[in-house]
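Reviewing the structure listed below.
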Amino acid sequence: MRPRSPITGRGLFSGTGLVITALAATVVALLVPLWSYAGGQGPAGANVLSARTVATPYGPLSARDRDFVTKVRLAGLWELPAGELAQRKGTTPAVRAAGQHLVDGHTSLDAHVRTVATQLGLALPNEPNAQQREWLATLRTAKGQDFDRAFAGLLRLAHGRVFSLVAEVRAGTQNSLVRDLADDANATVLDHIKVLEATGYVDFAQLAEDLAVPATPVPTPSEVDPGAAVPVAPSPGGTPALPPAAASPPPATSSP
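Per full-length UniProt numbering, the sequence shown runs over residues 1 to 256.
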């Protein structure tokens, strides 16, 4: 006869089985998230930490991280040409010096962001967005001091918006590559803010009003393939001032 508990009268073995089952379920519940975080493949073969965060060898990559990488690239695609315009069209040494800082800073920062995108397998844009193209068109047609004012105002507004994003990303990202890029972007953007303000053409009252208006959202590439680059061919009809985002050289066997 199966032994019974002196208290309940139920079988001891059946009670022990329930305890063991409960403990096993607890262990599974604890281990499954850890296994997923470490890169385990789920039923669908997806290596996903959450709906919008993916695992990479450099730490979790969030949607905000991807948005930040995209915006760093976009910034260089229009701010570097704007800096070149300032070098040619600026009416004062301070405006031309600000243009030189933009060219130097975004040449270096763009090389960094393309390296990061390659390591994370992120697609990058190869031309400015619609608003940035409008800003460049304004600078191309402006002359004299009108150019100086437009250059200082537009570039200071753009840098003010991205400066707060850099701080948020740097404070919260779990990805080491994004963290390093944020450090680089922080130094570059702060330098540009200072030289733009040194032109004497920044209208701070207008700047405060403009910064209070939410910026137009920038589409973020949704596909992420950690460890594999996703080249993006340049759009037809225009040659970007910065190198294309394609990270991999063409195969040696490709025809000319």
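Using N, Cα and C, we set each Cβ at its ideal position, and we do this for glycine too.
Computed from a predicted structure; not experimentally measured.
Option nearest alanine 63 by Cα separation, candidates Gly172, Leu196 and Thr141: Gly172
From which residue to which residue does the alpha helix (DSSP H) around asparagine 186 run? 176 to 197
Taking residue 285 as part of the alpha helix (DSSP H), name the residues at either end of that continuous run. Because the chain in this structure spans residues 1 to 256, residue 285 falls outside the shown range and cannot be described.
Which of the three DSSP states is assigned to valine 116 in this structure? helix
With DSSP as the reference, label glycine 45 as helix, strand or coil. The predicted model places glycine 45 with a pLDDT of 29, which falls under 50 and marks its position as unreliable; any figure quoted below should be read in that light. Glycine 45: coil per DSSP, three-state reduction.
Taking three-plus beta-carbon pairs below 8 angstroms as touching, is the stretch 182 to 191 in contact with the stretch 129 to 143? no
Go ahead and label threonine 118 buried or exposed: buried means 16 or more other beta carbons lie within 10 angstroms of its beta carbon, across all protein chains shown. buried
CA-to-CA distance, glutamine 100 to proline 93, given in whole angstroms: 10 angstroms
Taking only the alpha-carbon atoms, compute the straight-line gap between aspartate 67 and arginine 73 and give it to the nearest angstrom. 10 angstroms
Endpoints, the alpha helix (DSSP H) within which valine 202 is located: Where valine 202 is concerned, there is no enclosing alpha helix (DSSP H), given that its DSSP letter is neither H nor E.
Glycine 160 to valine 166 span [Cα, whole Å]: 10 angstroms
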